[in-house]
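A.B. asks: Take a look at the following structure, please.
So, in structure tokens, the structure goes:
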């Protein structure tokens with residue numbers, strides 16, 4: 031189903047097209063060869079989350095994970111990769127992202143230390159019950175990383191997420207199949223979607239379950255449309271005719287600096303890729 035476009039907060043521009051030899055498809059957020067780690071989906075594996083990059087050997091756990099946190103919310107033991115933690119004021123700006131809208135390429139994360147992420151995962155359920163301990167990890171971002179950046183020299187595939195998706199909206203990784211299908215259909219990465227738009231998807235899921243219906247991508251996009259614009263960095267949903275639901279927050283503040291990475295070791299790929 032096509033999506034006519036709507037966005038109060040907008041979307042970065044860029045045409046959709048194939049890139050590289052790995053068969054990845056660039057999403058709208060990626061309009062340069064640098065791409066974004068969330069900006070494509072492997073046609074070979076049909077990833078349910080928009081990802082770029084190819085499968086790589088999993089580094090030893092002792093090298094990749096230096097902290098673990100037990101979630102009070104779920105009881106999960108979650109590995110935290112802290113190799114890039116710390117206030118590193120002298121890190122050079124990563125070049126090649128002038129195409130990205132101003133805000134996504136200028137906001138650094140406030141989760142600069144492993145303890146910051148540890149506090150988050152202790153209070154908030156990040157991974158769903160189906161994810162076995164240690165098979166997906168949260169990872170601290172370097173001080174010069176931005177949500178529009180690509181994989182670079184990272185050894186593992188990963189994608190960026192905003193913390194508010196978990197502590198405000200109750201999402202868990204992996205996202206629901208129909209939500210992943212929406213991301214594929216509108217060709218957006220999870221961090222391209224405004225939190226109010228994620229709230230619309232979460233509320234739609236609850237509404238469908240209450241009505242005894244199965245939430246699907248075509249059903250959701252029957253009621254909601256998107257309108258990409260080149261000047262802003264986040265996509266919002268508007269009701270196709272009349273909105274089913276009101277906004278979660280009229281002014282959603284503070285989410286732009288609250289991002290981290292979900293890293294995907296080899297054994298965790300089954301939760302993200304259809305392999």
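Residue numbers (my numbering): 31 to 305. Virtual Cβ for every residue (Gly too), placed ideally from N, Cα, C.
1. Answer yes or no: do residue 288 and residue 140 have a C-beta to C-beta separation smaller than 8 Å?
2. According to DSSP, simplified to helix, strand and coil, what is residue 216?
3. So if DSSP puts residue 111 in a beta bridge, which residue, or which two residues, is it bridged to?
4. Rank 271, 246, 128 and 176 by C-alpha distance to the C-alpha of residue 189 and give the top, closest one.
5. Exposed or buried, residue 240, counting other C-beta atoms within 10 Å across all chains shown (16 or more means buried)?
6. Going by DSSP, what residues sit across from residue 205 in a beta bridge?
7. With distances taken from CA atoms, which of 179, 173 and 200 is nearest residue 151?
8. May I ask you to report which of helix, strand or coil DSSP gives residue 233?
9. Would you mind sorting residue 304 into buried or exposed? The rule is 16 or more other CB atoms within 10 Å of its CB.
10. With a threshold of 8 Å, are at least 3 pairs of Cβ atoms found where one atom belongs to the region 159-175 and the other to the region 290-302?
11. Please report the distance separating the alpha-carbon of residue 212 from that of residue 218.
12. Report the residue from 180, 187, 145 and 268 whose alpha carbon sits nearest the alpha carbon of residue 134.
13. Tell me the rounded alpha-carbon separation between residue 297 and residue 271.
14. Where does residue 290 sit, in a helix, a strand or coil, going by DSSP?
15. Quick one: grab the DSSP three-state call for residue 285.
16. Please list the terminal residues of the continuous alpha helix (DSSP H) segment that includes residue 149.
17. Would residue 203 pass as a contact of residue 234 if the rule is Cβ separation under 8 Å?
18. Count the other CB atoms within 10 Å of the CB of residue 160; is the residue buried (16 or more) or exposed (fewer)?
19. Nearest-angstrom Cα distance between residue 143 and residue 243?
20. Got a sec, what are the start and stop residues for the alpha helix (DSSP H) residue 253 sits in?
21. Let's see if you can read the secondary structure: which residues bound the beta strand (DSSP E) around residue 303?
22. If we call anything under 8 Å between Cβ atoms a contact, is residue 269 one with residue 282?
C.D. replies: Per the coordinate set shown:
1. The answer is yes: Cβ separation under 8 Å.
2. Residue 216: helix per DSSP, three-state reduction.
3. Answer is 169.
4. With distances taken between Cα atoms, residue 189 lies closest to 176.
5. Classification of residue 240: exposed, given that the 10 Å Cβ count is below 16.
6. Paired residue(s): none; residue 205 is not in a bridge.
7. Measuring from the Cα of residue 151, the nearest candidate turns out to be 200.
8. Residue 233 falls in the helix class under three-state DSSP.
9. Exposed, because fewer than 16 other Cβ atoms sit within 10 Å of the Cβ of residue 304.
10. Taking a contact to require three or more Cβ pairs closer than 8 Å, the region 159-175 and the region 290-302 qualify as touching.
11. Distance between the alpha carbons of residue 212 and residue 218 is about 9 Å.
12. If we check each option's Cα against that of residue 134, 180 comes out closest.
13. Computed Cα separation, rounded: 44 Å.
14. In the structure shown, residue 290 falls within a strand segment according to DSSP collapsed to helix, strand and coil.
15. Secondary structure of residue 285 (DSSP, three-state): coil.
16. Where residue 149 is concerned, the enclosing alpha helix (DSSP H) stretches over 144-153.
17. Annotated as distal: residue 203 and residue 234, with beta-carbon spacing of 8 Å or more.
18. So residue 160 counts as exposed.
19. Rounded to the nearest angstrom, the two C-alpha atoms are 42 Å apart.
20. Start and end: 247-253.
21. Note, residue 303: premise wrong, no beta strand (DSSP E); not H, not E.
22. No. Outside cutoff.
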